[in-house]
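The structure under discussion appears below in the form of structure tokens.
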Amino acid sequence: MVQLDFYGTLVAASLVLLLGRGLVTRIGFLRNYNIPEPVAGGLVVALLLLALRGLDIDVRFDTSLQTPLMLAFFATIGLSADFASLKKGGRVVGIFLLAVTTLLVVQNAMGIALAKTLGLDPLMGLLTGSITLAGGHGTGAAWGTVFGEKYGLASASELAMASATFGLVLGGLIGGPVARLLIKRVQVPGLAHEKPRLPKGFEQPNKERSITPFSFIETLALIAVSLLVGSLLNGLLQGTAFELPTFVCVLFVGVILRNGLSALGLYQVFEREVSVLGNVSLSLFLAIALMSLKLWDLAALALPIFIILAVQALVMALFAIFVTFRMMGSNYDAAVLAAGHCGFGLGATPTAIANMQAVTQRYGPSQIAFLVVPMVGAFFIDIINVIVIKLYLALPFFAAA
Numbered sequence: 001m002v003q004l005d006f007y008g009t010l011v012a013a014s015l016v017l018l019l020g021r022g023l024v025t026r027i028g029f030l031r032n033y034n035i036p037e038p039v040a041g042g043l044v045v046a047l048l049l050l051a052l053r054g055l056d057i058d059v060r061f062d063t064s065l066q067t068p069l070m071l072a073f074f075a076t077i078g079l080s081a082d083f084a085s086l087k088k089g090g091r092v093v094g095i096f097l098l099a100v101t102t103l104l105v106v107q108n109a110m111g112i113a114l115a116k117t118l119g120l121d122p123l124m125g126l127l128t129g130s131i132t133l134a135g136g137h138g139t140g141a142a143w144g145t146v147f148g149e150k151y152g153l154a155s156a157s158e159l160a161m162a163s164a165t166f167g168l169v170l171g172g173l174i175g176g177p178v179a180r181l182l183i184k185r186v187q188v189p190g191l192a193h194e195k196p197r198l199p200k201g202f203e204q205p206n207k208e209r210s211i212t213p214f215s216f217i218e219t220l221a222l223i224a225v226s227l228l229v230g231s232l233l234n235g236l237l238q239g240t241a242f243e244l245p246t247f248v249c250v251l252f253v254g255v256i257l258r259n260g261l262s263a264l265g266l267y268q269v270f271e272r273e274v275s276v277l278g279n280v281s282l283s284l285f286l287a288i289a290l291m292s293l294k295l296w297d298l299a300a301l302a303l304p305i306f307i308i309l310a311v312q313a314l315v316m317a318l319f320a321i322f323v324t325f326r327m328m329g330s331n332y333d334a335a336v337l338a339a340g341h342c343g344f345g346l347g348a349t350p351t352a353i354a355n356m357q358a359v360t361q362r363y364g365p366s367q368i369a370f371l372v373v374p375m376v377g378a379f380f381i382d383i384i385n386v387i388v389i390k391l392y393l394a395l396p397f398f399a400a401a
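The UniProt record's numbering numbers the first residue of the sequence shown as 1 and each following residue consecutively.
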């Protein structure tokens, strides 16, 4: 076994990002279908590690940096959101939330129906539905334990982790192609007669920005405060009716900091520094997450489970094209939102942001998409997913288990 320490993992993650950029730059297919750079580089390394495992060489990484990077990213999302923008996006957030909720219901119905058709326990269908796809590894781990201990489902936790891994990979791969298909049908701002919109930091991550060391440190301090206070808030809410994931608390603190300091006239957040630190955190987080994927867990999936997950990926793509895109207005912003929906409908919010960045970096900004997706992905999706899951568990054939 080869164990890379903190520094070795950081070097490997940086090389993954450089590899991903090189692949996307040189391979037309990846560029044309808007595959995010961390996804391209991370999957190549994950496949390489899978091959090394076949030679009895097991490479492991120190993932201690992964959670702080994810939290730092959500802190920058909060620091970039002002109340005026949130108010402006209210109606769009509501419509997108309806589309997201509908998908959760569809994913679980599809999973249960396929499981029963294939002669599997309906709980397996529910576990390969919104629990692991929209919920990701964290939600999958929590419910896998419940299904194993309360319902006696064998290997529930292992199935949950493998399903969440499958979703994370597919979520980063199908978003770009879906957006490319949809963009052919719409008028792209700045490429036709519409007045081009000015990009914000997260929409074009490769855009050069002028920053100073002092302003960079100011923003770094704001992110650190968001992480500290958000973590403390999460600890206070543990075990209460208001318990929320840590990243939601961190994002919330970021929003309060940005708008509170501005309202008091004490400080105005510099979005260019926020975007730089946010994009760096996001890229490194995705690189570590993807290069740490245990693809051999996917190989261990039984054929019926693999069939269910493959159908779920197809359903996600079709839902984004025929439901999300149309509900959101059938325009360029809707196409970017559809790509984002593929990201967290199968994987996680950071994957959704990476999908949208790959699109907007090439075609132009979509400010509403980068406002709506983080809000829904951070604040609402986990809460609604729990409600939907519990409603399904109240069905007769689950109650009798």
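Note that beta-carbon positions come from the ideal geometry of N, C-alpha and C, so glycine has one too.
Which residues does DSSP pair with residue i in a beta bridge?
i, result
"V315", "Partner(s): none; V315 has no beta bridge."
"R60", "Q3"
What's the call for residue i, buried or exposed, on a 16-neighbour Cβ count within 10 Å?
i, result
"Y267", "exposed"
"L309", "buried"
"G377", "buried"
"N234", "buried"
"T63", "exposed"
"D121", "buried"
"P36", "buried"
"G175", "buried"
"L198", "With a pLDDT of only 49 at L198, under 50, the local geometry of the prediction cannot be trusted, and the value read off the model is given with reservation. With fewer than 16 Cβ atoms within 10 Å of its Cβ, L198 is classed as exposed."
"A192", "Low confidence applies to A192: its pLDDT is 45, below 50, so where it sits in the model is not reliable, and the reading given next is rough at best. A192 should be labelled exposed."
"A154", "exposed"
"A156", "buried"
"S226", "buried"
"P196", "Its pLDDT being 49, under 50, P196 is placed unreliably in this model, and the value from its coordinates should be taken loosely. Under this definition P196 is an exposed residue."
"A302", "exposed"
"E194", "Residue confidence is low: E194 scores 48 on pLDDT, short of 50, so the model does not pin down where it sits. No coordinate-derived value is stated."
"E149", "exposed"
"G364", "buried"
Please state if the CB of residue j and the CB of residue i are separated by a distance shorter than 9 Å.
i, j, result
"I353", "F370", "yes"
"L126", "I389", "yes"
"L298", "T102", "no"
"F6", "L65", "yes"
"M291", "F61", "yes"
"A230", "A348", "In the sequence under discussion, the amino acid at residue 230 is Gly, which differs from the Ala named in the question. No; because the gap between Cβ atoms is not below 9 Å, this pair is not in contact."
"A335", "A179", "yes"
"V2", "D58", "yes"
"F270", "T351", "no"
"W296", "L50", "yes"
"I305", "A162", "yes"
"F216", "L277", "yes"
"L23", "L30", "yes"
"P38", "L286", "yes"
"W143", "G135", "yes"
"A81", "R258", "yes"
"G171", "M316", "yes"
"L98", "M327", "yes"
"S283", "L17", "yes"
"L133", "L393", "no"
"N279", "Q187", "no"
Compute the beta-carbon to beta-carbon distance between residue i and residue j, rounded to the nearest angstrom, for a pair I have assumed lies under 8 Å.
i, j, result
"A338", "T324", "5 Å"
"P189", "Y332", "6 Å"
"A40", "G20", "4 Å"
"V255", "G78", "4 Å"
"L159", "M110", "Between M110 and L159 the Cβ distance is about 17 Å, and since that is not below 8 Å, they are no contact."
Sequence ranges, alpha helix (DSSP H) only - wholly within the segment 209-247, length at least 4: For the segment 209-247, whole alpha helix (DSSP H) runs of length 4 or above, ordered along the chain, are 213-237.
Just to confirm the assignment: which complete alpha helix (DSSP H) runs, minimum length 4, are found wholly within the segment 97-164? Counting only runs of 4 or more, we get 122-126 and 136-149.
Considering only residues of the segment 278-362, which uninterrupted alpha helix (DSSP H) runs meet the minimum length of 4 residues and lie entirely inside it, listed in chain order? List check, alpha helix (DSSP H) in window: 295-299, 303-319 and 332-346.
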